[in-house]
Structure formats: C-alpha cells, structure tokens
Amino acid sequence: MTAVRFENVSKSYPIYESPGNRLKELVTFNRLQFHRNFWALHDVSCEIGRGETFCVIGENGSGKSTLLQLVAGILQPSFGNMEVNGRVSALLELGAGFNPEFTGRDNVYLNGAILGLSTREITARYKNIEEFAEIGDFINRPVKTYSSGMVVRLAFAVAINVDPEILLVDEALAVGDIYFRQRCMRKVHELRARGITILFVSHALADVKALGDRALWLDQGRVVDLGETDRVVSKYLAAMVEKDTAYLAHQRAAVSIARERAQAPEIADHIPNIDHRYGDGRAEVLGIAVLDPQGTPLQLLEPSSQIVVRISVRAKAEIPHPNVGFIMRNHLGVDFAGTNTLREGHTLEPMMPGDIHTIDFHLQVPELYPSSFSFSPAIADGPLEAFRVCDLIDNAIAVQMARGDGEVYGFLRLPCQIMVNARLEPGAAETGDAQRTILK
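Residue 602 in this note's numbering sits at position 235 of the sequence shown; the count goes up by one each step and never skips.
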C-alpha cells in the first residue's frame with residue numbers, strides 16, 4: 368500500500384519587491400499581479416510505500432523541506448495532486464510546534480493533542496517521552512530557557528512516542544550531541560523494523576546510505592534522480608565534486624584577474640647597462656631608474672638629497688617568497704651599500720607567472736665623495752639566510768655624485784654637530800646648558 372503519493376506536484380511562493388505591491392494586489396482582488404513566483408518544487412512525482420525509509424537529498428534551497436512540509440500538511444501544493452495515508456509525526460524545524468512560554472511538559476501535551484491523541488493517551492506515553500529526552504528538571508521549565516540541543520531532544524522524544532505511521536525527520540538531529548544522535552539513529556532503525564514509513568532529509572550522506580531504501584535527489588525544486596540509495600548518492604556526490612572543482616577554478620581565475628589589476632601602474636622598463644646577468648630565470652628585472660621624489664630621472668646626485676631607486680620585476684614562474692633589492696657600488700667596483708625589501712621589513716606577496724611589481728626605494732643620500740656610483744638590481748626567492756637569485760644585473764645604471772661645499776675626507780661626510788665645554792648629561796643638549804658651535 369502507498370503511504371505517500373506525489374503526482375506532478377509543484378509549489379510556488381509569491382515574491383513581492385515591496386510591501387506596497389502586496390497591498391496593490393489585495394485592493395485589485397488579485398485581478399492584477401504585482402509579484403513574481405518562486406518555484407520551490409516543480410513537477411515532482413514519486414510514490415513512497417508503507418514501511419519504506421525514503422531519503423531526500425540535495426543542496427540547500429533545493430526544495431527538500433518544502434516537500435516534507437507538504438507531507439506534514441503545513442503547506443498545500445500550488446499544482447498537482449498528493450495523497451498521504453496515515454498519521455504523520457514530524458520533526459521539522461528546530462522547535463516547530465512548541466510554545467516557548469509553555470513548559471516542556473505542557474508542550475508534550477499540546478503536541479500530542481495536535482496529533483489527535485487524548486489526554487489519557489498522552490499521559491500513558493509521558494514517562495517514555497521524559498526518559499528518552501533526558502533533560503531532567505528542565506521538563507518543568509519554559510522551553511524558551513532550553514538550549515537548541517534540549518529542544519531537539521524533547522521534540523524527537525515526542526515524535527517517536529505518538530505512534531506515528533509516517534515519521535518525517537528534517538536535518539534536526541544534526542543539532543544533537545553524538546550520544547543523543549546515536550540513540551536517535553537506533554530508534555529510527557527500530558521504527559524501520561516495525562514497518563513505520565520514514566521520510567528522512569539529511570546532508571549526512573553516511574546516514575542516508577545506512578537508512579535509506581530509496582533516495583530522491585532534488586535540485587532547484589526538480590527531480591534529478593530517484594531510485595536505489597547507493598546509486599543516487601554516488602551520482603549526487605560526483606556532481607558536488609564537479610561543482611566544487613568548477614568553483615575552485617572560478618576562484619583561481621578571479622584571483623588571477625585581481626592580480627592583473629593589482630600590478631604596477633608604473634613600470635621601469637629600461638636597463639641602461641648590463642655588465643653581467645645571472646640567476647635561475649624564474650623571475651626577471653624589467654628595468655631600473657634613479658629618480659627625484661617627483662619622478663624625474665636624475666643624472667646627478669646632490670649631497671644630502673632625497674632620491675628614489677625604482678626597480679620593476681616580472682615573475683616567469685611561481686615565486687613564493689620574492690625579495691627585491693639592489694647593490695650600490697663605487698667607481699672601483701666595491702660594494703658600497705645595498706638593501707632589499709626583506710631587509711627593510713617589507714614582505715612581498717607571492718608572485719604568479721606574469722605578475723609585475725614595481726618597488727620604489729626612497730633613500731636619503733649622504734654627502735659622498737664626488738665620483739660615479741652604480742646600482743645593481745636583483746630579485747630573489749626565499750628568506751635572507753637561504754635565498755635563490757632569480758635575476759641580478761651588475762651595474763645596470765650609474766649616476767654621478769655632485770661636489771659639495773667642502774672637502775669629503777674618505778668616502779662620505781657624516782652629519783655632525785659640535786659642542787664645546789659641554790657636560791654629557793641627559794637633557795643637556797636639549798636645555799641649551801652647553802656652549803655649542805655648529806659646523807656648516
């Protein structure tokens with residue numbers, strides 16, 4: 368005998384853009400429509416035999432809960448015919464059918480009455496309900512003081528103890544703890560053995576395969592597949608893996624586009640000189656420039672001035688830990704100074720093939736002896752203590768240091784302040800206690 372039958376059942380909900388549109392439709396007595404229909408179920412047909420455990424699977428929003436609410440009589444179909452033969456007990460939304468102001472005991476009697484049981488029948492079952500729920504003295508407290516797990520405990524205890532012929536379970540067991548879930552699953556197996564028809568909705572596919580005689584796969588309200596549980600679940604899992612793979616590919620594409628948009632708006636694309644070039648080739652220096660703070664190329668370095676050393680680089684392979692820097696050499700080829708992004712405490716994001724970044728090093732140039740100084744740009748991969756050079760260009764650009772007001776003894780003139788007959792005490796320099804002469 369058939370417990371539940373669906374024949375081309377569809378269920379739609381009206382969607383109004385604003386409350387005013389609902390009012391307009393009312394005052395025209397529905398002669399004019401100001402809504403659009405959302406189809407939660409579309410042309411669903413299936414039969415569920417008495418004593419069968421029938422599972423419904425699908426993504427969130429696929430219409431699973433709507434189908435169970437139709438069977439429970441909470442909703443009526445918009446189109447099609449359905450038939451339900453037997454007393455239905457439903458464990459649907461968390462706390463559905465419970466009055467939060469009533470105690471747990473009061474709600475047991477209320478739910479039993481809704482399901483057509485007399486007070487005497489409910490009293491005869493009350494001890495079993497209380498023992499299965501295991502919520503202690505909370506049974507005499509308002510449901511609004513319960514945790515979500517306690518609500519599920521009481522709701523399931525009521526649902527299985529009202530002698531249902533058809534039991535509906537909609538994902539509510541996911542809220543319970545592992546101990547209670549195991550007890551519930553044993554009870555479901557017991558009900559199966561007693562020939563109770565069970566409609567089971569869950570995202571726990573292991574439970575679906577363990578319980579289900581048949582499974583229905585819904586997608587956006589439509590039947591995708593119906594049949595033997597293992598076959599339907601396997602097809603559903605394969606579709607979800609394929610969807611996840613497509614999503615990850617889309618995310619990677621989005622990241623790639625975002626990276627392209629994040630690439631340097633200004634690029635140094637000229638390398639004036641290459642004495643020697645080496646590295647593993649996984650990234651390259653595109654160009655280098657020595658500029659003033661306004662971006663004008665410099666041919667002459669003024670003493671005690673601000674300059675910008677701009678280096679543009681491009682990844683040709685994945686560079687997990689990029690580090691961009693330069694070496695400054697004097698006219699004898701001696702390494703005079705240098706720095707890099709890691710040395711300055713700036714960690715660059717990993718670079719993917721095709722990424723282009725421009726790094727600007729803002730420097731305060733001291734007064735150096737008048738000579739020619741070269742800059743050798745580089746990009747490496749890895750930490751300072753263990754890096755691999757991707758590209759380094761020796762003496763890529765050279766600039767001349769201008770002569771200052773006085774002589775430079777040695778390599779550079781250090782900023783200096785002279786105090787005469789001063790006491791080296793904290794705060795003495797600031798208070799002006801010392802006679803001082805400043806060298807110009």
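In this text, a Cβ means the ideal position worked out from N, Cα and C, and glycines have one as well. Owing to the predicted nature of the structure, the values given are computational and were not obtained by experimental measurement.
Classification of residue i by the beta-carbon crowding that lies within 10 angstroms, buried from 16 upward
i    : result
V599 : buried
T798 : Any reading at T798 is ruled out, since the residue's pLDDT is 49, under 50, leaving its predicted position unreliable.
P632 : exposed
V608 : exposed
M768 : buried
R389 : exposed
R628 : The predicted model places R628 with a pLDDT of 49, which falls under 50 and marks its position as unreliable; any figure quoted below should be read in that light. Under this definition R628 is an exposed residue.
L604 : exposed
Q838 : For the chain, the structure presents residues 368 to 807; residue 838 sits outside this window and is missing.
C783 : exposed
R803 : In this predicted model, R803 has a pLDDT of only 43, less than 50, meaning its place in the structure is not dependable enough to derive any value.
M368 : exposed
N474 : buried
F523 : buried
V411 : buried
K378 : buried
R520 : buried
N640 : exposed
E419 : buried
S429 : buried
S385 : exposed
D800 : Reliability of the predicted coordinates at D800 is poor, the pLDDT of 47 falling under 50, and the value obtained from them is presented with this limitation in mind. D800 comes out exposed.
S569 : buried
Residue span of the alpha helix (DSSP H) that contains residue i, given as start and end
i    : result
Q436 : 431-439
I634 : Note, I634: premise wrong, no alpha helix (DSSP H); not H, not E.
P750 : Premise fails: P750 is in no alpha helix (DSSP H) and is neither H nor E.
D410 : Segment 403-416 is the beta strand (DSSP E) holding D410; no alpha helix (DSSP H) there.
L393 : 386-394
N452 : Counting along the chain, N452 falls outside any alpha helix (DSSP H), and DSSP gives it neither H nor E.
I481 : 471-481
Opening and closing residue of the beta strand (DSSP E) in which residue i lies
i    : result
K378 : 369-382
T420 : 420-424
D758 : 755-761
Y645 : 643-645
G594 : 589-595
N640 : No beta strand (DSSP E) holds N640; DSSP gives it neither H nor E.
L458 : 455-458
R696 : 689-696
I686 : Counting along the chain, I686 falls outside any beta strand (DSSP E), and DSSP gives it neither H nor E.
DSSP bridge partner residues for residue i (one or two, in chain order)
i    : result
Q767 : L667, S739
E651 : R681
Y603 : Y603 pairs with nothing; no bridge assigned.
L442 : Note: L442 sits in no beta bridge, so no partner.
F778 : Paired residue(s): none; F778 is not in a bridge.
A582 : C422, G594
F567 : C422, V536
L658 : P664, V675
A616 : Looking at the DSSP assignment, A616 forms no beta bridge with any residue, so it has no partner.
P744 : F693
E734 : R780
N448 : E374
Integer-rounded CB distance, given that residue j should sit under 8 Å from residue i
i    : j    : result
F775 : L735 : The sequence given here has Val at residue 775, not Phe. About 7 Å separates the two Cβ atoms, so the contact holds.
A753 : G588 : Rounded, the Cβ-Cβ distance is 57 Å, inconsistent with contact.
D748 : I694 : With a Cβ gap of about 18 Å, D748 and I694 do not count as contacting.
L759 : G648 : That pair is no contact at about 11 Å.
L658 : I674 : 7 Å
V676 : L653 : Going by Cβ atoms, the distance from V676 to L653 rounds to 14 Å, so no, they are not a contact pair.
A635 : T725 : 6 Å
A763 : F740 : With 8 Å as the limit, A763 and F740 do not qualify as a contact, their Cβ atoms being about 12 Å apart.
F567 : V518 : Not confirmed; about 19 Å, so no contact.
T596 : C422 : 6 Å
K431 : L585 : 6 Å
N697 : S671 : Going by Cβ atoms, the distance from N697 to S671 rounds to 18 Å, so no, they are not a contact pair.
L535 : L458 : 7 Å
E532 : G453 : 3 Å
I424 : V575 : 6 Å
Chain B contact for residue i (CB, 8 Å cutoff)
i    : result
A480 : Going by chain labels, chain B is absent from the structure shown, which holds only one protein chain.
Contiguous alpha helix (DSSP H) assignments of at least 4 residues, all confined to the stretch 698-732: DSSP runs (the alpha helix (DSSP H)) wholly in the stretch 698-732: none.
Alpha helix (DSSP H) runs wholly inside the stretch 489-565, at least 4 long, in chain order: 515-527, 545-560
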